[in-house]
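Structure first, commentary second.
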Amino acid sequence: MSEPTPRIPRPGRRPLTYADYLELPDDGKRHEILDGELFVTASPLVQHQRVSKRIQRVLLRGLEDTGLGEIFYAPMDVLLDDHNVLVPDLLFVSRDRLEFVGEKYLAGPPDLVVEIASPSTGKRDRTLKNGLYARFGVPHYWIADPVTCRLEMFRPGGEGYELAEAGEAPRVLKAPGFPGIELDLGEIFRL
Numbered sequence: 002m003s004e005p006t007p008r009i010p011r012p013g014r015r016p017l018t019y020a021d022y023l024e025l026p027d028d029g030k031r032h033e034i035l036d037g038e039l040f041v042t043a044s045p046l047v048q049h050q051r052v053s054k055r056i057q058r059v060l061l062r063g064l065e066d067t068g069l070g071e072i073f074y075a076p077m078d079v080l081l082d083d084h085n086v087l088v089p090d091l092l093f094v095s096r097d098r099l100e101f102v103g104e105k106y107l108a109g110p111p112d113l114v115v116e117i118a119s120p121s122t123g124k125r126d127r128t129l130k131n132g133l134y135a136r137f138g139v140p141h142y143w144i145a146d147p148v149t150c151r152l153e154m155f156r157p158g159g160e161g162y163e164l165a166e167a168g169e170a171p172r173v174l175k176a177p178g179f180p181g182i183e184l185d186l187g188e189i190f191r192l
């Protein structure tokens, strides 16, 4: 199990910016600024990496290899605004939005974000990040949970996201909004 995710207090309560983010140490941990506050997460567990790799394979075959856009995996900075710098586990940028992919970061919301939940990040993925991705217009947000072997697929609805599709292994899920993308959860979450 990974360590708890600490919140780093902001000196003087000034919201942190992307400039502050660039000054952070390269310590091998994942740093994110969410609504001006720094969150630090230890390196992911092995099962987290396996699940990420398996989802990435499905997305590469169905989206990138077919010319629909490009898949990126962590660490890849997503700069939503000066006070929100996120590092999703996986993201997809459609072909018509690839001009927003810069040398150092994606300048704006991706078309799809996939977060692999862990005991230390699951609550944040379902609350704070869920709210930020919805607020900044990410049209597809997925949360994969290796502990419960569950994949949840969200889309905009109401005041944030609504659950579009969900299931546990060994079910096969069809990805709403991505024709032809099917995820065999038995394969995605196998040990």
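Residue 97 in our numbering is what sits at position 96 of the sequence shown, and the numbering runs on without skipping anything.
We put the beta carbon where it would ideally sit given N, CA and C, even for glycine.
Quick caveat: nothing in here was measured; it's all calculated off a predicted structure.
If you reduce the DSSP assignment to three classes, tell me which class residue i lands in.
i, result
"L91", "strand"
"R11", "Reliability fails at R11, whose pLDDT of 49 lies under 50, so the model's placement of it is uncertain and the value that follows must be treated cautiously. Three-state result, R11: coil."
"I182", "coil"
"K105", "coil"
"R125", "helix"
"R136", "helix"
"L99", "helix"
"A20", "helix"
"V86", "strand"
Could you give the C-beta distance for residue i and residue j, rounded to a whole number, given that I count them as a contact under 8 Å?
i, j, result
"S119", "P177", "That pair is no contact at about 25 Å."
"R31", "A75", "7 Å"
"V86", "E33", "6 Å"
"P157", "P171", "Between P171 and P157 the Cβ distance is about 29 Å, and since that is not below 8 Å, they are no contact."
Once you ignore the five residues that flank residue i on each side, which residues in its own chain have a CB closer than 8 Å to its CB?
i, result
"E107", "The question names Glu, but residue 107 is Leu in the sequence shown. Hits under 8 Å: F73, M77, D78, V79, L80, L92, V94, F101."
"L164", "E153, M154, F155"
Relative to the C-alpha of residue i, which candidate in the options has its C-alpha closest?
i, options, result
"L17", "V115, K54, G109, D82", "D82"
"G37", "D21, R51, I144, R125", "D21"
"L69", "R62, V47, R96", "R96"
In its own chain, which residues sit with a C-beta less than 7 Å from the C-beta of residue i, not counting the 5 before and 5 after it?
i, result
"G138", "P110"
"V52", "I117, A145, P147, I189, F190"
"Y142", "V114, N131, Y134, F155, Y162"
"G123", "D146"
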